[in-house]
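Note sheet for the following structure.
Numbering (the working numbering), first residue to last: 64 to 271.
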C-alpha cells in the first residue's frame, strides 16, 4: 500500500512539473504588448492599429503633433476667436491645447474617422479629454459637439484640440496650473496591437 502511494505521488509530481514547464514556455513565447513612444514633430502612422475594435482600423491616416501649450480658459477663447463660451457643463480653468496635423494618404476614408474619446491625453495621475464643445465652436463644420472627424483621401488638416481636466480630477491632482505645466503627458494615438503614444510637455514645439 505504501509503495502504491509513493508511485501515485511520484507520477503527480512528474505531471505537475510537466505542466509547469509548459506554462513557463508558453509565457516565454507569448506575444508581449508593443509600445511605441514618439516625440512632438514626429509622424505617427495609424497603420493596422486601432483603439478597441478592428473595425476602427484607419490605414492611411497619420498625425504629427506640432505644438503643445497650456492656456487660461478665457485667454484660449480669445486666442481662438470664440466670442461666446460654448461649454454648457462644468469646465476646468485651463486648456491644454495640442496643435496637430492629420493626414490621409488615401489608404482609406477612415470609416468613422478619428474619435476624440480615444485620442486622450494621459499622465500618471489623470486623463484629459477633448472639450468637444470648444472644438465645435472653432470648427463649425464638425457640428456643435462632435465625437470625432474624418478627412478626405489625399488631404491633410491642422486642428487645435483643447484638452481639459474632468471635475473628479480636482480630488487628487491638486493645483491645476502646476499639474498641467509640470507633468509629463502622453497623447494616445492607437491602443492595439501596438500602443502608439506621443510624449507631450507644455511648450513643446514652440519657439524658445
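Even glycine gets a Cβ: it sits at the ideal position worked out from N, Cα and C.
Per-residue burial, residue 187 [other beta carbons within 10 Å of its own, 16 or more giving buried]
Along the chain shown, read from residue 1 onward, the residue named residue 187 stands at position 124. The residue is exposed, with fewer than 16 neighbouring Cβ atoms inside 10 Å.
Other residues of its chain near residue 151: CB distance less than 7 Å, five sequence neighbours each side excluded:
Residue numbering aside, residue 151 sits at position 88 when the chain shown is read from its first letter. Around residue 151: 196.
Quick check on residue 270: does DSSP put it in helix, strand or coil?
Along the chain shown, read from residue 1 onward, the residue named residue 270 stands at position 207. Three-state DSSP puts residue 270 in coil, outside helix and strand.
Cutting at 7 Å between CB atoms, please list the residues of its own chain near residue 253, excluding the five before and the five after it.
The count along the chain shown starts at 1 and reaches residue 253 at position 190. Answer for residue 253: 109, 112, 113, 114 and 259, listed in chain order.
I'd like the list of long-range same chain contacts for residue 205, defined as Cβ closer than 8 Å, with 5 residues on each side in sequence excluded.
The sequence position of residue 205 within the chain shown is 142, counting from 1. Around residue 205: 198, 199 and 212.
Please name the residue, chosen from 118, 103 and 124, that lies closest to residue 214 on a Cα-to-Cα basis.
As a first step, residue 214 must be located in the chain shown, where it is residue number 151. Selected option, being the one with the closest Cα: 124.
Taking only the alpha-carbon atoms, compute the straight-line gap between residue 127 and residue 263 and give it to the nearest angstrom.
Counting from 1 along the chain shown, the entry for residue 127 is found at position 64. Counting from 1 along the chain shown, the entry for residue 263 is found at position 200. Approximately 12 Å between the Cα atoms of the pair.
Measuring only the C-alpha atoms, how far is residue 93 from residue 102?
Numbered from 1 along the chain shown, position 30 holds the residue referred to as residue 93. Numbered from 1 along the chain shown, position 39 holds the residue referred to as residue 102. With a pLDDT of only 45 at residue 93, under 50, the local geometry of the prediction cannot be trusted, and the value read off the model is given with reservation. Approximately 29 Å between the Cα atoms of the pair.
Three-state class that DSSP yields for residue 118 in the structure shown
Numbered from its first residue, the chain shown carries residue 118 at position 55. Here residue 118 sits in helix by DSSP.
Beta-carbon separation of residue 225 and residue 194 under 8 Å?
The sequence position of residue 225 within the chain shown is 162, counting from 1. The sequence position of residue 194 within the chain shown is 131, counting from 1. Contact flag set, yes.
Just list the beta strand (DSSP E) runs in the region 214-270, keeping only unbroken ones of 3 residues or longer that don't cross its boundaries, in chain order.
218-227, 248-253 and 257-263
Applying the 10 Å Cβ sphere with the 16-neighbour rule, what's the burial state of residue 269?
The residue you call residue 269 lines up with position 206 of the chain shown. The residue is exposed, with fewer than 16 neighbouring Cβ atoms inside 10 Å.
Around the Cβ of residue 221, are there at least 16 other Cβ atoms within 10 angstroms (buried) or fewer (exposed)?
To locate residue 221, count along the chain shown from 1; it is residue 158. Looking at its Cβ environment, which holds fewer than 16 other Cβ atoms inside 10 Å, residue 221 is exposed.
Measure the C-alpha to C-alpha separation of residue 203 and residue 147 and round it to an integer number of angstroms.
For the purposes of this step, residue 203 is taken as residue 140 along the chain shown, with counting starting at 1. For the purposes of this step, residue 147 is taken as residue 84 along the chain shown, with counting starting at 1. Their Cα atoms are separated by approximately 13 Å.
Buried or exposed (CB count within 10 angstroms, at least 16 for buried), residue 243:
Numbered from 1 along the chain shown, position 180 holds the residue referred to as residue 243. By the neighbour-count rule (16 or more Cβ atoms within 10 Å), residue 243 is buried.
Using three-state DSSP, classify residue 125 as helix, strand or coil.
Position 62 of the chain shown, counting from 1, holds the residue named residue 125. Looking at residue 125 - three-state DSSP - the assignment turns out to be strand.
Under the DSSP definition of a beta bridge, which residues are partnered with residue 97?
Stepping through the chain shown from its first residue, residue 97 is reached at position 34. Paired residues: 257.
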